[in-house]
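If you number the sequence shown the way my numbering does, the last residue is 755 and the count never jumps.
Just so you know, even glycine gets a beta-carbon here, dropped at the ideal spot from N, CA and C.
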Amino acid sequence: MTKRQPVQTLPSRAIAAALLALAAGAAARAQHSGGRELTVGKHSMVEACAPCHGADGLAHDAEVPNLAGQNAAYLYNQLRAFRSGRRQHKEMLYMSRQSSDEDMRALAEYFSQLPPR
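Structural data, given as structure tokens:
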């Protein structure tokens with residue numbers, strides 16, 4: 639008789655690694671908007687958004703908004719609201735606080751040009 643092995647779930651490190659791999663793929667495909675490279679330091683802004691909002695701007699969680707195809711002015715204004723604290727969201731405050739207005743405009747333009755679902 640053989641001993642049956644218990645079913646194991648993926649550890650959170652493996653899930654995080656998979657998300658980073660997806661994000662890196664998205665960053666490799668598109669890191670430009672209007673001729674501007676979408677990076678902060680050596681990290682892609684698109685890479686930073688992909689784990690939550692999807693590499694293609696389409697989130698995989700119903701609680702997270704899709705960014706693909708959204709109006710660029712709307713996205714830009716939301717990023718500014720997160721950065722200033724007018725719109726409360728802990729993760730988005732953290733993500734937006736390092737971004738300049740120019741970065742936010744470029745990122746909003748990038749996601750607005752992606753095909754919506």
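How about the stretch 726-742 and the stretch 701-711: do they share at least three Cβ pairs that are nearer than 8 Å?
no
Close beta carbons around GLN716, own chain, < 7 Å, minus the five adjacent residues each side
ARG725
Those runs of the alpha helix (DSSP H) which lie wholly inside the stretch 691-727 and span at least 4 residues
710-722
Is the CB of GLY723 under 8 Å away from at least one CB in chain D?
The structure shown contains no chain D; it holds only a single protein chain.
Within 8 Å, strictly: CB atoms of ARG735 and ARG721:
yes
Kindly indicate which three-state DSSP category SER734 falls into: helix, strand or coil?
helix
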